[in-house]
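Chains as they are written, first to last, in my numbering: chain A, 1 to 256; chain B, 1001 to 1256. The C-beta atom is built at its ideal place from N, Cα and C for all residues, glycine as well. Contents: one structure, followed by commentary.
Protein chains: 2
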Amino acid sequence: MKNVKGILFDIGGVLYVGESPVPGAVETIAALQGRYQMRFVTNSTRRPPATIYGKLRRMGFPVEERQLFTALGAARQIVEEAGGRAVTILTEEAEKYFGPLHCIDTASPFVVVGDAGENFNYLRLNRAFRTLMNGAKLIAAARNRYFKDADGELSMDAGGFVTALEYAAGVKATVVGKPSPEFFRQALRSMGLPPEEVIMVGDDIESDIAGAQAAGLRAVLVRTGKFRPVDLEGAVFPDAVIDSVADLPELLEGDS
Amino acid sequence: MKNVKGILFDIGGVLYVGESPVPGAVETIAALQGRYQMRFVTNSTRRPPATIYGKLRRMGFPVEERQLFTALGAARQIVEEAGGRAVTILTEEAEKYFGPLHCIDTASPFVVVGDAGENFNYLRLNRAFRTLMNGAKLIAAARNRYFKDADGELSMDAGGFVTALEYAAGVKATVVGKPSPEFFRQALRSMGLPPEEVIMVGDDIESDIAGAQAAGLRAVLVRTGKFRPVDLEGAVFPDAVIDSVADLPELLEGDS
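Given below as structure tokens:
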């Protein structure tokens, strides 16, 4: 791959799967840091940015906190900048990260939905629905269809629940994480690079690959995480497919 | 309204709201029974047909069990006729009605979703999602957006959750209740009447009004139940709007 100056990495499913780093991933990131501009961009909304950063450091990934872009952080920023509060459907930990911006008042101007796991229950979804019927704006931290769960099977991600609220309340969500072009542009701006000089490395054919390509980047699909062979039979064509992130240096070889 | 020989009545929101009959509704049904062919068609899937029939009788409605068409009954019939079993998202009571047709095996050939209330939780939704990813067929007893809840507010109905599963698993549901044309046709066949001679009376602008009109019936909207003035500002135009079912005889006056 030619003319690459910056790399965006998805985190879960690319750098680690569950609690284990992908073999060779730590060494790969260490080898590329300094040679490329790098950002770590995640739709993972179960945990606040600081926890994700801590997990990466604990596993030995030499990343800097300023290199981290999370969908949850982007959602929080929207509510904060509007001076509003939000009814949220999030994990307890992510809800705490919203602090006083979170409330249960159905007259709130925002509803924020992330991957909430067991917190996707009728009480919370119906409260969000009623808030939307009162005119709130629906912010989807992400709208991924599914993720690879701890038991090795695919599990429902936030996307379905965002779609449920859209359908029931007759509204359209603003998606702040991948594949939102604005999310990719924010990461590009922070690197000072044009999209043609940046690649995205991810395991999600839609959010990572189609999303990055729509924003003008090239995209590399890894066969780890939620990857399934059927991903390659659809209408999205990655610019490259590698077994894991550990094969990235070889793909970049000849480029500098 | 001219040339009416048969009437389809929606039940919840039209004949009763919560636990109370709509004022004048019992007398209206009594007055029309015998003069018109009548069927009672409901997407209410929280309770099995026998329970809905019992509730109507207890309130004094002179209906016959054979006049009742329920979406839950239609869904059960599909699974039974296919000789399969289904992972279901239903209330406990509706699940019992499925009896041995219900199971939690994610290799099942069917997923059946009705209005499940508190049973819309992550465990059940994710089990349904995994069953669909294994190739099961998604049967939506109904896909209503919302209903008028016991507290007087609108609450999320099954539609959102059906849409969530469609989005997450990349499948398309078969809807067996209203507004499915097949559901209306079944009721018409049982009366031996063509659609031009039958009217539908309902409170749901989409399932009842748009659904019946698409099947060739005329449709009368009542201002009870889930009715909201905004329903009349959309793209669906009822053939008539009345304050409640008690005004139906007057609407039919001059017709016999």
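Just to make sure I have the definition right: I need the residues of chain A whose C-beta is within less than 8 Å of the C-beta of residue i. Which are they?
i	result
B/E1153	R130
B/N1126	S155 and M156
B/M1059	Simply none; closest approach about 27 Å.
Report all residues from its chain with a CB closer than 7 Å to the CB of residue i; omit the five preceding and five following residues, and keep chain order.
i	result
A/N134	T106 and A107
Determine the chain C residues that contact residue i at a beta-carbon separation under 7 Å, and present them in chain order.
i	result
A/L165	The structure shown has no chain C; the protein chains it does contain are A and B.
By Cβ distance below 8 Å, which residues in the same chain neighbour residue i in space, the five residues on each side in sequence not counted?
i	result
B/P1100	R1085
B/V1236	I1205, E1206, I1209, A1210 and Q1213
B/Y1053	V1063, E1065 and L1068
B/E1027	A1246
Within 10 Å of its beta-carbon, does residue i have 16 or more other beta-carbons around it, so buried, or fewer, so exposed?
i	result
A/P238	buried
A/Q37	buried
B/N1043	buried
B/E1166	buried
B/S1256	For B/S1256, the predicted structure reports a pLDDT of 45, less than 50, and the residue's modelled location is therefore unreliable. A value from the coordinates is still provided. It is exposed - the Cβ of B/S1256 has fewer than 16 other Cβ atoms within 10 Å.
A/P273	Look at the range of chain A in this structure, 1 to 256, and you will see that residue 273 of chain A is not part of it.
B/I1029	buried
A/I104	exposed
B/R1057	exposed
B/Q1077	exposed
A/G13	buried
A/A82	exposed
Please report the distance separating the alpha-carbon of residue i from that of residue j.
i	j	result
B/T1131	B/E1095	17 Å
A/K148	A/V113	19 Å
B/I1242	B/P1249	11 Å
A/P195	A/V63	22 Å
B/G1234	B/E1206	10 Å
B/R1218	B/V1201	9 Å
A/F161	B/F1161	8 Å
B/L1193	B/I1209	19 Å
B/P1177	B/Y1122	Here residue 1177 of chain B turns out to be Gly, not Pro, going by the sequence shown. So the two alpha carbons sit approximately 24 Å from each other.
A/V171	A/F129	10 Å
A/I139	B/F1183	36 Å
B/N1119	B/T1088	10 Å
A/P109	A/L125	16 Å
A/A71	A/E65	15 Å
B/I1199	A/G225	54 Å
B/P1181	B/A1215	5 Å
B/A1142	B/G1159	7 Å
B/K1055	B/I1011	11 Å
A/E197	A/G152	35 Å
B/Q1033	B/H1102	37 Å
A/S20	A/F227	17 Å
B/E1127	B/N1144	Checking the sequence, you will find Arg at residue 1127 of chain B rather than Glu. Taking the straight line joining both Cα atoms gives about 22 Å.
A/V175	B/T1045	33 Å
B/P1179	B/V1041	11 Å
A/A74	A/T51	16 Å
B/R1223	B/D1247	11 Å
Interface residues of chain B around residue i at Cβ under 9 Å?
i	result
A/G117	Y1122
A/A71	Neighbours of A/A71 on chain B: none; closest Cβ ~18 Å, over 9 Å.
A/A107	Near A/A107 there are no residues of chain B at all, since even the closest Cβ is about 13 Å away, more than 9 Å.
Please state if the CB of residue j and the CB of residue i are separated by a distance shorter than 9 Å.
i	j	result
B/A1191	B/R1035	Sequence check: residue 1191 of chain B is Met here, not Ala. Result no, Cβ atoms of B/M1191 and B/R1035 do not sit closer than 9 Å.
A/V22	A/V245	yes
A/L252	A/M59	no
A/L154	A/A116	no
B/Q1186	B/F1069	yes
B/R1047	B/E1093	yes
A/G49	A/Y16	The sequence as given places Pro at residue 49 of chain A; Gly does not occur at that position. Contact flag unset, no.
B/A1168	A/D203	no
B/F1061	B/A1031	no
A/G6	A/L232	no
A/T163	B/A1164	yes
Kindly list the residues whose CB is nearer than 6 Å to the CB of residue i, restricted to its own chain and excluding five residues on each side of it in sequence; keep chain order.
i	result
A/L221	I209, P238 and V241
A/G18	A150
A/K137	F110
Taking residue i as the query, report the chain B residues whose CB atoms sit under 7 Å from its CB, ordered along the chain.
i	result
A/R47	What A/R47 touches in chain B: nothing, since even the nearest Cβ is about 17 Å away.
Residues of chain A with CB closer than 9 Å to the CB of residue i, please, in chain order.
i	result
B/M1133	Y146, E153 and L154
B/A1150	Ordered by position in chain A, no residue passes the 9 Å Cβ test against B/A1150, which lies about 12 Å from the chain.
B/A1210	Chain A residues near B/A1210: none, gap ~14 Å exceeds 9 Å.
Listing by chain order, which chain A residues have their CB less than 7 Å from the CB of residue i?
i	result
B/A1141	In chain order: nothing, as chain A lies at least about 16 Å away.
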